[in-house]
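The structure appears below as structure tokens.
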Amino acid sequence: MPRMAADDRVSTKVGGSTLKSASVELAQGDIVNGRYRLEQFLSSGGMGRVWQATDLDLRREVAIKLMHPGLVATQTARERFLREAQSAARLRSANVVSILDVKVDTERGVPYLTMELLRGEDLSRRLERGPLSYAQTMAVITDLCAAITEAHAKGIIHRDLKPANIFLLEGRLDRGRELVAKVLDFGIVKSLAIDSLEHAHSSEPRALTMAGTALGTVTYMSPEQAEDAQNVDHRADLWSIAALCFECLTGKRAFRAKSLAELIRETGGPRVVPSNIADNLPRGFDAWFARATHHEIDQRFSSVAQLLEGLAALGKTQAPSAGPGPSASLPPPSRSWASDANQIDINELRLLTFKNNVVNEFLDSGSKYFVVGSKGLGKTLLLTYKRSLLHEQYQGGDERKQAAVKFIPEGRPYLDLMSDLPSVGKAEITLMSELHSCKRMWGFAFRIAALSHHAGVGAGASSDERDELLRIAAPIRAMLEGRKAEPTVVVKQLLALSFGELKQMLDRSESFLEYKIRSLHSPTFIFVDKLDQALRQLPRQAWIAMQAGMIEAAWDLMSTNAHVKVFATIREEAFAEYESDIKANLHGATTALRYTKRDLKDMLEKLTYFYERVHLRDFVRLDHITTTRGARGEQPFDFIYRHTLGRPRDLVIIASEISRNRGAPIDEQLFKRVIRETSAGMLVANVFLEMRVFLEILRDRDERGRFLALLRNDILTAEDLIDVWCRFHGFEREYYELHGREAEGVYHPFRELFDCGLLGVVVRDPATGRRSQHFRQPRDAVGGSRRQLPPSPHYLLHPALQALVMQLAGGGGFVPFRHVVIGHQQPWPSYYGRMIEVQRELQRGADRGDEDSEDAVFDVLARFDGHVGAGESVEVARHLVAATSAFAELTTRLEHRGWDDLHLALLELFPARRSVSSAAQVVAAPERAVERAAWSGDHDEGGEDGELGGPDTTMGPTHRAAVAMLLIDIVASTEFVEHHGDTMLVEFLRDIRDVLTHDSHEAPRVIKGVGDGYLVVYGTVSGALASARALLGGLEDRSSLRLVVHWGDVHVGAADVYGVEVHRLFRLEKVAERARVGPPGPVTLPTPGRVMLSSAAVESLPREQRGGFERVGTFRIKGFEDPAEVWVESEPR
């Protein structure tokens, strides 16, 4: 803990450096040593801070670890930092992070090391979501043991193995395992080789750690390391591995000690029995753990290999455990879900707080004071957590030092009596609407509050000071004389004064309070929270200015006296709206809460395990949800996410309601009903209250109900918005045409819906041209009711709002569109517009009473949706439906009945085919994709009927022919989905298809979707190679695709190709080095980014084209009678 002398500065980084050294801290955008640009803060450890950076010389992403500024001047720490780099660099293990560079920044004198940038999460974050299975644990421990074995072989002992130092790579399924781990942070290693070298060159051996000092994290430390860290051997790491394994399998720490003395006592007593902590452990684990952590060192495993062998043997006797099925009963929840941070026990904050990079930065940094975010993002939870960490840090010393540190308020941050604001008049409202005045009030309030908690500091010590005190109003003067107060209470007292009294007191007391606050030398922490909620009855400008004035006054106070620190929350809408000269200075001190969809899913997984003691999948007990009104299905979390506003609190509220219903079997219908009712009844109602200061129409419940009752569909056009506006305001359309188009208030109910995140728009990505849906997210600025809506071909009601409107309509006047999935970031394919128009025409003709035609239309739409959902291209699906007898009968009926508008809308969605022969093939096999058909209406490279060109396109569906086959497979597709999402995978596949159909020199005969790629048939190998090269040429990362070309006789169907040669093609793709016949050659498998060919494919090429290939070797391949040769295209130069 920092020494609390007069010249000290208060440390606000838990366990970290002081503000004296903060001036050399680097920030985003800074360039280290003229080469590495800092892009994003990742984490902080005992020795340094880790950033994602760009290597400007090599144009690649790296991780860079910068030594903590507070340690730079310490020679011992600098040597230890160098030792980490030296130790890690000596290791050549796939399970140790690779060190790329180690130097000292010449400008700032800060040592740094650069490493490979890893994608994924550390083990501590993964364990926050619950324990691992035995198989997952074995994967992690196996990799950990591989790394430590390499280290021990080189005389290196890690001494700080813990979950935070083990990194799980994202999506690494290429090794046949779910989890792949790498060891990080060799900052406190004991290197036997280096120690020996130091001893050889010195008359007195000098350790980098004081003799007898324990290094490492207490929870995972062996008792001998706790007693004397300098005299441990490799078995200290074995103890840590055992403790890690215990935590992976049980979700609990094996040892709970928080100090070395506690650890020695705990490890010297009876050992914890793992089976008493968790069920479903492998048989024999209790005995394995008891041996691994035996009191006597000699009774433990003697090596990493022996320890791992013993753990692996347990799996041979483990019985597989089955998770609960859809109707299985679950144990009762351990506690009720808490949607407000004030309901959470402070001792449970560590277990509940979800930490992404943004959260870690706030908790770890010594220069972050303000938390910015919309309602429901967890600002209070984070502020409370920060307070508890600081309290642990500063209350751990002797009583004198504890008494010197002040926390205001003395309890946890909470909403005080500010909500009981006295009635204020117009003058006070005007005052609170001015940023400068608000800043002065808060500056006064902070100083009074800080001085009131230090007895005797605020009281007048001389006659002059007593005279100064008399200028301050009596209730506030009492605070300076010993009555403790909080800043919000002081502000309330100020607002109780008349405008003249307030201004006079602020003017007269300014110099006196400035002198007093500068004389304060004891650490003082002030916390302000939920100010937005306390001020919610104020007009918008006052609501913004009071929050902005608060953080600017806090910043000024901290600049005046570095011993006083103010931590506060502020609504994102207020922070984004206000303007000020010093606002730019606040950004570096501000943490803006941001959560990705992946973050929210991990957060819900973690909270589910905490509250329910089961994983999310077992809690929901559903694998798949059929989405609204016949559209394609989705994962349960995706369904939940679409019904939220992208906030953690929304997830907690919904999960709480699911928990309430867990006594009954949860089927899909109950699950969807709970989600919809909860989102409609609680989330939507809450957001109107939270956004009250920004609303004019929708803040009134009756007006809001009257407006929502006018909505008839969940997807609206601009004309629909105009119609609703006219009816809501009671104006004729003629009035709108004359006056409404330019009027500021024309759309305001819809603008307010948009600002509340309940009305979405369709946006186009300028980079890709693709359209998607966008609903205002918590991080987006608020436009306000006087600004126009973003232009959009369609406006979309949020799924939660849809559920509310359907309740208001009683299932009558509101009709949602079918087969359209609405939600933030959901794609908006071009056919949605035509599908919606078909259903609009159905609604317009509802008075016809033609239920048969209506049923037939929805049947056609369902067929189309089914084809697209099964992976067919949109164009193929359209032509498949158009070629069915059901569609022909429907269009004939509509034509006979004169329903022309609906007939034309259907023909626009399902255009009639122009090729009679192709249509005949589709009718013969109506449910199969005819990939030889026209791929898009804009494609004009084929014959006159739009069919794909190329040799011999008239082949029948059962003709046998010698063809070239190109197999395209996306490498690590699971990693791709986890990183980018299912939608991006579909788009990637679509892009591949576009290249194949539009950019190929030779048009393909057949394109067939297979797994995570395509099987494409060409007339020549040259054509297949040209397409493969076109694909690779358009990729940033050529290794993301695996391409194989083969030649052979096959049967060609309308959309398929089959025969023994097709099976051989797939076998070729799987060939690996272990199947090689003979010694290795100059080229070894795999060959990422290069096309692989069979010998048959190479031999079918004209002789003059065979020069660009290299022979890999001969391999035994299943399906080939004899060993087969494999070739690869030469690397591009």
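By the UniProt record's numbering, the letter at position 679 of the sequence shown is numbered 679, and the numbering carries on one by one without gaps. For glycine and all other residues, C-beta sits at the position ideal for the given N, C-alpha and C.
Residue i: first and last residue of the uninterrupted alpha helix (DSSP H) it sits in
i	result
LEU1025	1021-1033
TRP442	435-452
TRP51	Per DSSP, TRP51 belongs to no alpha helix (DSSP H); it is in the beta strand (DSSP E), 48-55.
MET432	426-432
PRO111	That residue, PRO111, is in no alpha helix (DSSP H); its beta strand (DSSP E) goes 111-116.
CB contact flag (residue i, residue j, <7 Å)
i	j	result
ASP185	GLY70	no
VAL1077	VAL1112	no
VAL304	THR142	no
GLY588	TRP442	no
VAL97	MET115	yes
LEU708	VAL805	yes
GLU895	ARG129	no
VAL50	LEU42	yes
ARG779	ARG594	yes
ALA88	VAL140	no
VAL232	GLN225	yes
GLU1129	VAL1091	yes
SER222	PRO163	no
ALA680	TRP337	no
PRO816	HIS643	no
Sequence-distant residues of the same chain with beta carbon closer than 8 Å to residue i, five excluded per side
i	result
THR1114	ARG1076, VAL1077, GLY1078, PRO1123, ALA1124, GLU1125 and VAL1126
Alpha carbon of residue i to alpha carbon of residue j, nearest angstrom
i	j	result
VAL183	ALA147	7 Å
GLY871	VAL821	16 Å
ASP174	LEU1041	Note that ASP174 scores 41 on pLDDT, short of 50, meaning its location in the model is unreliable and no value can be drawn from it.
SER785	PHE731	The predicted model places SER785 with a pLDDT of 49, which falls under 50 and marks its position as unreliable; any figure quoted below should be read in that light. SER785 and PHE731: Cα-Cα distance of roughly 19 Å.
ALA94	ALA153	15 Å
LEU469	LYS406	23 Å
ASP55	ASP30	12 Å
LEU307	CYS145	9 Å
PRO648	TRP899	49 Å
THR997	VAL1006	10 Å
ILE658	GLY981	25 Å
VAL868	VAL763	22 Å
ASP650	GLU677	13 Å
TYR414	ALA485	For TYR414, the predicted structure reports a pLDDT of 48, less than 50, and the residue's modelled location is therefore unreliable. A value from the coordinates is still provided. Looking at the two C-alpha atoms, the distance is approximately 14 Å.
ARG536	PHE567	21 Å
ALA312	MET138	7 Å
Cutoff 7 Å; reference residue i; Cβ partners in own chain excluding five residues on either side
i	result
LEU801	VAL684 and LEU758
ILE1117	ARG1067, LEU1068, VAL1071, ALA1075 and ALA1124
GLU841	ASP901, LEU902 and ALA905
GLN52	GLU39, GLN40, LEU42, GLU61, ALA63 and LEU117
GLU1131	ARG1090
MET432	CYS438, LEU538, ALA542, ALA545 and MET546
Same chain, Cβ closer than 6 Å to residue i, neighbours up to 5 away in sequence not counted
i	result
LEU1065	MET965, LEU967 and HIS1046
residue 1186	Any question about residue 1186 goes unanswered here, given that the chain covers just 1 to 1133.
Range of the contiguous beta strand (DSSP E) that encloses residue i
i	result
VAL881	Premise fails: VAL881 lies in the alpha helix (DSSP H), 874-882, not in any beta strand (DSSP E).
GLY1113	1109-1115
TRP1127	1124-1129
ASP702	Segment 701-708 is the alpha helix (DSSP H) holding ASP702; no beta strand (DSSP E) there.
GLN40	36-44
**Prompt:** Three or more C-beta pairs closer than 8 Å, one from the region 558-574 and one from the region 365-379: is that the case here?
**Reply:** yes
**Message:** Check whether the region 540-548 and the region 495-504 are in contact - that is, three or more C-beta pairs closer than 8 Å.
**Reply:** no
**Request:** State whether the region 550-557 contacts the region 435-450, with contact taken as three or more CB pairs (one from each stretch) at a distance under 8 Å.
**Result:** yes
**Prompt:** Can you find at least 3 beta carbon pairs, one from the region 825-843 and one from the region 758-776, that sit closer than 8 Å?
**Reply:** yes
**Asked** Are the region 1012-1026 and the region 1099-1108 in contact at 8 Å, needing three or more beta carbon pairs?
**Response** yes
**Request:** Examine the Cβ distances between the region 378-388 and the region 512-522 and report whether three or more of them are shorter than 8 Å.
**Result:** no
**Prompt:** Does the pairing of the region 224-242 with the region 289-302 give three or more beta-carbon distances under 8 Å?
**Reply:** yes
**At least three beta-carbon pairs within less than 8 Å, the region 605-621 to the region 343-361** = yes
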